[in-house]
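The block underneath contains the structure these notes are about, expressed in structure tokens.
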Amino acid sequence: MLLDGKPVAKMIYAEIKEWLGNLQEKPPKLVLFCSEPDDSTKTYMNSIVKRGGKLGISVEICHAGENPVEEIKKLNESRDVAGVMIMHPLKNVDEKLVVSALSLEKDVEGRTPGNLGGIMTGDESFAPPTAEAVMEILRFYDVSLSGKDVTIVGRSTTVGKPLSMLMLKKGIDATVTICHSRTKNLVEKIKRANVLVSAVGRAGFITKEMVGKDSIIIDVGINLYDGKIVGDVDFEQVEPEVAAITPVPGGVGIVTTAILFRHFMVSSRRMVGRR
Ligand SMILES: NC(=O)c1ccc[n+]([C@@H]2O[C@H](COP(=O)([O-])OP(=O)(O)OC[C@H]3O[C@@H](n4cnc5c(N)ncnc54)[C@H](OP(=O)(O)O)[C@@H]3O)[C@@H](O)[C@H]2O)c1
């Protein structure tokens, strides 16, 4: 089965459009806060601006000035702004300090220490969208994780670590193994998984020898290979050998953007509720 991200993203955008359609006033803004963005960051920012335009949400690019921490604090206070994305990497700026200054409620990417810590206690405002996108795809296609062995390859703060916490939650109840570049017997850990999540960033990393006919494969990787966007999984080889797999592109990535805008909607609703 193909775990296509398109109907999942479509469902989320339909929720957002319904909310926007019922709004009595103009929605607040989403701010992209950056400092000397590189080309790939610019491309990413443009895609968010474009998606916001399609939805009717105003997305503003804000370049860091002399005192980025104070600028973030002003955005925290602004009644016109419901979400702030701090674009990584922030050049010539202490990124950790800037991210820490952002309020949990406007941290639509779930990057602040408060939101990341909240994933452990179940008190987060927002989890990182990529981790949540994986959960949303599994939910959409009725893949239960209860009692299943999940192997996540990759331990980043945006994907592997928060995803492990979401999967461990009571009620989700997966048994999770997280792997990284120093993991011993990686292939054995991948092979024994009921569900494999690959977030490594290397094209062709997961091959057909590593999977079985009951494996469910979630490919988070986005890699440029031979002028094309591909995941970590050798899709052509692996797809016929497994029970279910996400495509790249058209899988986790497009759901991630939809989740980001859903977070923005939630934050906007909370703000309007407080007005
Ligand atoms: N779909 C989306 O929306 C989305 C969002 C974010 C990222 N991504 C993509 O997901 C991929 C990972 O992103 P990231 O930000 O998590 O990357 P990252 O911070 O570079 O993390 C990569 C992880 O892979 C591990 N790794 C590298 N080589 C390995 C090997 N040979 N064996 C086992 N583990 C290995 C690293 O281990 P160490 O920790 O030991 O170095 C690290 O934990 C990239 O392709 C990125 O473009 C997609």
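Mapped onto my numbering, the consecutive letters of the sequence shown carry residue numbers 5 to 279. By construction, the Cβ of each residue, glycine as well, lies at the ideal position given by its N, Cα and C atoms. Fair warning: this is a prediction, and the values are worked out from it, not measured in the lab.
Would you tell me roughly how many angstroms separate the C-alpha atoms of E245 and V199, rounded to the nearest one?
-> Counted from its first residue, the sequence shown places residue 245 at position 241. Counted from its first residue, the sequence shown places residue 199 at position 195. For E245 and V199, the distance between alpha carbons rounds to 14 Å.
Excluding five sequence neighbours on each side, which residues of the same chain lie with their C-beta closer than 8 Å to the C-beta of R196?
-> Position 192 of the sequence shown, counted from the start, is the residue given in the question as residue 196. Contacts found: D153 and T155.
Is S168 closer than 9 Å to V180 when the C-beta atoms are compared?
-> Residue 180 sits at position 176 when you count from the first residue of the sequence shown. Residue 168 sits at position 164 when you count from the first residue of the sequence shown. Cβ distance < 9 Å, so V180 and S168 count as in contact.
On the three-state DSSP scale, how would you describe G164?
-> Here residue 164 refers to the residue found at position 160 of the sequence shown. Helix, per DSSP.
T261 versus G121: straight-line alpha-carbon distance, rounded | In the sequence shown, the residue the question calls residue 261 occupies position 257. In the sequence shown, the residue the question calls residue 121 occupies position 117. Their Cα atoms are separated by approximately 22 Å.
Straight-line CA distance for R274 to V53?
-> Along the sequence shown, read from residue 1 onward, the residue named residue 274 stands at position 270. Along the sequence shown, read from residue 1 onward, the residue named residue 53 stands at position 49. Near 22 Å, if we compare the C-alpha coordinates of V53 and R274.
Which full runs of the beta strand (DSSP E) of 3+ residues lie inside the stretch 145 to 221, going along the chain?
-> 153 to 157, 179 to 183 and 199 to 202
How would you call M5, buried or exposed, if buried means at least 16 neighbouring beta carbons within 10 angstroms?
-> Start at 1 with the first residue of the sequence shown, and residue 5 comes out as number 1. Answer is exposed; the Cβ neighbour count stays below 16.
Take P72 and list the residues in its own chain whose beta-carbon comes closer than 6 Å to its own, dropping the five residues that flank it on each side.
-> Residue mapping note: residue 72 aligns to position 68 of the sequence shown, counting from 1. Closer than 6 Å at Cβ, skipping near neighbours: V97 and V102.
Where does S51 land, buried or exposed, given buried means 16+ other C-beta within 10 angstroms?
-> Residue mapping note: residue 51 aligns to position 47 of the sequence shown, counting from 1. Looking at its Cβ environment, which holds fewer than 16 other Cβ atoms inside 10 Å, S51 is exposed.
Where do the N-terminal and C-terminal ends of the beta strand (DSSP E) with M89 fall, by residue?
-> Against the sequence shown, residue 89 aligns to sequence position 85. Its beta strand (DSSP E) spans residues V85 to I90.
Return the CA-CA distance between S271 and V252, expressed in angstroms with no decimal places.
-> Position 267 of the sequence shown, counting from 1, holds the residue named residue 271. Position 248 of the sequence shown, counting from 1, holds the residue named residue 252. Using only the alpha carbons, I get a separation of about 29 Å.
Using the C-alpha atoms, what's the distance from K10 back to D238?
-> Start at 1 with the first residue of the sequence shown, and residue 238 comes out as number 234. Start at 1 with the first residue of the sequence shown, and residue 10 comes out as number 6. The alpha-carbon atoms of D238 and K10 are separated by roughly 21 Å.
Near D218, which residues of its chain fall below 6 Å by C-beta distance, leaving aside the five closest residues on each side in sequence?
-> Locating residue 218 in the sequence shown gives position 214, counting from the first residue. Around D218: A247.
Does DSSP put N227 in a helix, in a strand, or in coil?
-> As a first step, residue 227 must be located in the sequence shown, where it is residue number 223. If DSSP states are grouped into helix, strand and coil, N227 belongs with the strands.
Relative to ligand 1, is the shortest distance from any of its heavy atoms to the C-beta of N227 smaller than 8 Å?
-> Residue numbering aside, residue 227 sits at position 223 when the sequence shown is read from its first letter. N227 Cβ: within cutoff of ligand 1.
Looking only at DSSP bridge pairs, what is L34 linked to?
-> Stepping through the sequence shown from its first residue, residue 34 is reached at position 30. Partner(s): V63 and G87.
May I ask you to verify whether the stretch 228 to 243 touches the stretch 263 to 270, counting CB pairs closer than 8 Å and requiring at least 3?
-> no
Have a look at G254 and Y229 and give me their C-alpha separation to the nearest angstrom.
-> For the purposes of this step, residue 254 is taken as the residue at position 250 of the sequence shown. For the purposes of this step, residue 229 is taken as the residue at position 225 of the sequence shown. Rounded to whole angstroms, G254 to Y229 spans 16 Å at the Cα level.
Helix, strand or coil for V237 per DSSP?
-> Taking the first residue of the sequence shown as 1, we reach residue 237 at position 233. Three-state DSSP puts V237 in a strand.
Comparing the CB of H184 with every heavy atom of ligand 3, is any distance shorter than 8 Å?
-> You won't find ligand 3 in this model; what it holds is ligand 1.
How about F265: is its Cβ closer than 8 Å to a heavy atom in ligand 1?
-> Walking along the sequence shown from the start, residue 265 turns up at place 261. Incorrect: F265 has no Cβ contact closer than 8 Å to ligand 1.
Does any heavy atom of ligand 1 sit closer than 8 Å to the C-beta of P166?
-> Numbered from its first residue, the sequence shown carries residue 166 at position 162. No - ligand 1 has no heavy atom lying nearer than 8 Å to the Cβ of P166.
Sufficient close CB pairs (3 or more, under 8 Å) joining the stretch 74 to 91 to the stretch 38 to 51 | yes
Please name the residue, chosen from Y145, L170, I176 and A131, that lies closest to G151 on a Cα-to-Cα basis.
-> Start at 1 with the first residue of the sequence shown, and residue 151 comes out as number 147. The shortest Cα separation from G151 among Y145, L170, I176 and A131 belongs to I176.
Residue range of the unbroken alpha helix (DSSP H) whose run includes L101 | Taking the sequence shown and counting its residues from 1, one reaches residue 101 at position 97. Counting along the chain, the alpha helix (DSSP H) containing L101 begins and ends at E99 to A105.
Any idea what DSSP makes of K232, helix, strand or coil?
-> For the purposes of this step, residue 232 is taken as the residue at position 228 of the sequence shown. Residue state, collapsed to three classes: strand.
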